[in-house]
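Below: the structure, in structure tokens.
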Amino acid sequence: MSGPGSNSGAPRPEPILSVRGLKVYFPIITGGLIRTTVPLKAVDEVSFDLYPGETLGVVGESGCGKSTLGRGILQLLEPSGGSVVWLGNHIEGLPAAEMKHYRKEMQIIFQDPLASLNPRMTIGDIIAEPLTVHFPELSVEERKQKVREIMEQVGLLPLMINRYPHEFSGGQCQRIGVARAMILKPKLIVCDEPVSALDVSIQAQIVNLIKGLQDTFGLSLIFISHDLSIVRHISHRIMVLYLGNTVEVADRESLYKNPKHPYTKALISAVPLPDPELEKSKKRLVLYGDLPSPLSPPSGCVFRTRCPLAQDICAAEKPEMTQVGDTHQVACHFWDHDI
Amino acid sequence: MLLDIQHLTTSFDTPEGEVCAVNDVSLQIDPGQCLGVVGESGSGKTQVFMSMMGLLAKNGKSEGAVYFEGRQILGLETSELNQLRGVELSMIFQDPMTSLNPYLRISRQMTEVLMEHRGTSHKQAIATSIEMLNLVGIPEAEKRFRMYPHEFSGGMRQRAMIAMALLCEPKLLIADEPTTALDVTVQAQILELIAGLGKKMNMATVLITHDLGVIAGLSDRVAVMYGGRVVEEASVIELFKSPQHPYSKGLLESMPRLDTSSEVALHAIAGQPPDLQALPAGCSFEPRCIYAFERCRREIPDLRASGENRVKACHLEKIP
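In the order they appear, the protein sequences are chains H and B. For what it's worth, the numbering used here labels the leading residue of the first sequence as 1, then goes sequentially. For what it's worth, the numbering used here labels the leading residue of the second sequence as 1, then goes sequentially.
As structure tokens, then:
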């Protein structure tokens, strides 16, 4: 499929979503006698554009802020700064009543398929709930009809409409989650680790389903995952986060073939390949140490404490996002150095 | 041969009736070898080794035999098992937080192992434990040694678990999804550690995982489990090069991988994993198998040779 992420040379359409300098901070109260509030910078100055029909993959390890970013975009968490522009309208910090107008166009799929479904509702009611909220004028029969249609589209038998979530396997529950997100025919779906709780053979089913729906409806997707192989499979462009900061953004081919940031290089080389000869012989760039605490991130470049290339300048100066190719940006002082 | 599991069958008594989690499983491991056991949730891969270690839930029971260095250990009394567990046989689990005692310092949990099993003096136990923490790559081991598990990051907890499992230099380490809860960069560290220590101490390893990539890097042989049975067993090279069971083949094809073109659609295996309470009369993979024919619905396939030094349980002569 040739999505908008491929380098066709044609002028790009207007972005559907523009995020500029988005910050999501959580106030953390510390100290015993003298209480002080320290901001935990979960997402710090993240910017990107998302085009119609495009999938932006967001990768990073746990605690890098990728889920918080998704929630900050959808205004499920109020951003501490920056702007989120949806089809020309600023939506950051909108009151819930006004935001409701935009919510039908942007939906979310969660990681834990069973926990994100109310166990006391039938799946018919779960899938219909967005309709109940946004289109209360629909009759019960019209609503049921729409639910049946969408169930068929996500590969669930419409006759299961009166069953409860516990009667379904993990993969089927995730299909229910996809159906609930799709029923309003949104323009954007944020997929927050949608397959990481599923078995390998089922993961592929859900990835194919989401991809198929995207082709059919021209959806834009933000696909959040820690799994680099899956992200590569579904995304047109990929953004790599580390400790709340964007370290690299590139189209899929450049990112995997020609990663520039040492962190991206380490991430890619850490993915085990299902090929014993390659896997046992390949040179691996192993990172030492752990993620620093986000409460006291390193000065300058946040990655410098684990970076094999780090020098004095990395502690002193935060690297700017640098354009290193048509669709390739990296934030590193030494992006053109080999490791 | 270090470990020889013969016709192990494990079942659980549940209110809904008896559930057979492991069905006639036989596996062998030589000293120093690494056996990978792959399967999805509910395939019985963990229960095989829980049975052997005497760690089954109360409603579980096993039949068959497990020989460790020639001695039958299945169903031994707890007191006898305790002379083996943690000494000759060690196990590490998926979630290091729930397998460490949150109330006790790492120091206490580590020295206890040595003092209990080896009768080491407290002083000596402390020295050995700190040395082991250094070996598994925990920075500032002397300081960390006195900490509680919650003060450790996920990767460090898993390192501490490994250190604890290796204190008595076991002959066999059973690693049950040791990296599933960890990030990829930490996973790479832990896998490198297990591989390195295995070689250094000439320790055999059983690596239980659902991740074929992890298996590829570490194992010598692989057993693929489905619905409580071993459906294919082969050397790691052979299995990845030419899987002979439709399930192994499907599993390999359904994995997105970094070393092939990203334009290829993923070949998902249709359907759901089997319900152990309502297994089909024939092959348990038959409802999802694209090659299934009439005999598969009727008859459970036995394990049989499918090449030199490899077996599979499938009626199909060869995958077309």
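For every residue, glycine included, the Cβ atom is placed at its ideal position computed from N, Cα and C. Keep in mind it's a predicted model, so treat the numbers as computed, not measured.
- prompt: Taking DSSP as the reference, what is the three-state secondary structure of Q72/B?
  reply: strand
To be precise: take each residue of the segment 154-165 of chain B, compare its Cβ to all Cβ atoms of chain H, and keep it if any distance is under 9 Å. Which residues remain?
G154, G155, M156
- request: Provide the residue span of the alpha helix (DSSP H) that contains F152/B, from first to last.
  value: That residue, F152/B, is in no alpha helix (DSSP H); it is neither H nor E in DSSP.
Exercise for review: On the DSSP bridge assignment, give the partners of P276/H in chain order.
Suggested key: Bridge partners of P276/H: none, in fact.
*asked:* Taking 8 Å as the threshold (beta carbon to beta carbon), is Y256/H in contact with chain B?
replied: yes
- How about I268/H and R180/H: do their beta carbons lie closer than 8 Å? no
If I'm right that L182/B touches G155/B with Cβ under 8 Å, what's the distance once you round it to whole angstroms?
6 Å
Given this structure, state the Cα-to-Cα distance separating K146/H from Q111/H, to the nearest angstrom. 25 Å
**Prompt:** For I269/B, which residues in chain H fall below 7 Å Cβ to Cβ?
**Reply:** S201
(message) Quick test of the definition: if touching needs 3 or more C-beta pairs under 8 Å, does the segment 281-290 of chain H touch the segment 25-39 of chain B?
(response) no
Q187/B versus chain H: which residues are under 8 Å apart at the beta carbon?
A270, P272
query = Going by other Cβ atoms of all chains shown within 10 Å of its Cβ, with 16 needed for buried, is S139/H buried or exposed?
reply = exposed
*asked:* Using a Cβ distance threshold of 8 Å, determine whether the segment 255-271 of chain B contacts the segment 319-334 of chain H, with at least three qualifying pairs required.
replied: no
As assigned by DSSP and simplified to three states, the class of S248/B
helix
Quiz item: Among I319/B, H267/B, T180/B, which residue has its Cα nearest to the Cα of A292/B?
Solution: I319/B
Practice problem: Please say whether A165/B and I106/B have beta carbons closer to each other than 8 Å? | Solution: no
Whole runs of the beta strand (DSSP E) within the segment 189-251 of chain B, excluding any shorter than 3 residues
204-209, 221-226, 229-235
* Asked: According to DSSP, what are the bridge partners of D418/H?
  -> With chain H covering only 1 through 339, there is no way to say anything about residue 418/H.
**Asked** Can you find a C-beta in chain B that's less than 8 Å from the C-beta of I230/H?
**Response** yes
Interfacial residues, the segment 214-241 of chain B to chain H, with Cβ spacing under 7 Å | V214, A216, G217, V236, I237, F240
**Item:** chain B residues whose Cβ lies nearer than 9 Å to that of L287/H
**Value:** T185, V186, A188, Q189
Practice problem: Would you tell me roughly how many angstroms separate the C-alpha atoms of L173/B and S121/B, rounded to the nearest one? | Solution: 25 Å
Subject >> Proximal chain B residues relative to S281/H, where beta-carbon distance stays under 7 Å >> reply: In chain order: nothing, as chain B lies at least about 10 Å away.
- request: Take the Cβ of V133/H as the centre, count every other Cβ of all protein chains shown within 10 Å, and call the residue buried at 16 or more, exposed below.
  value: exposed
Practice task
Would you decide whether R229/B is buried or exposed? Buried here means 16 or more other CB atoms lie within 10 Å of its CB.
Solution key: buried
For T46/B, which of helix, strand or coil comes out of DSSP?
-> helix
Q.
If I follow the unbroken beta strand (DSSP E) through S169/H, where does it start and stop?
A. Taken as a continuous stretch (DSSP letters only), S169/H belongs to no beta strand (DSSP E), as it is neither H nor E.
Practice item. Could you say which of G124/H, I176/H, V249/H lies nearest to I210/H if we only look at CA atoms? Key: I176/H
- Give, in chain order, every residue of the segment 245-262 of chain B whose Cβ lies closer than 9 Å to some Cβ of chain H. Y247, G250, L251, L252, E253, S254, M255, P256, R257, L258, D259, S262
| task | Answer yes or no: does any C-beta atom of chain H fall closer than 8 Å to that of D211/B? | result | yes
(request) Could you please give me the residues that DSSP links to L17/H through a beta bridge? (result) L50/H, W86/H
- Answer yes or no: does any C-beta atom of chain H fall closer than 8 Å to that of L35/B? no
Exercise for the section: Pull out every residue of the segment 29-53 of chain B whose Cβ sits closer than 8 Å to any Cβ of chain H, in chain order. Expected result: E40, S41
- Message: With H, G and I counted as helix, E and B as strand and the rest as coil, what does DSSP make of L243/H?
- Response: coil
Is N23/B helix, strand or coil when you go by DSSP? strand
Any beta carbon from chain B within less than 8 Å of G3/H's own beta carbon? The pLDDT assigned to G3/H is 45, lower than 50, so where the model puts this residue is not dependable, and the model offers no usable value.
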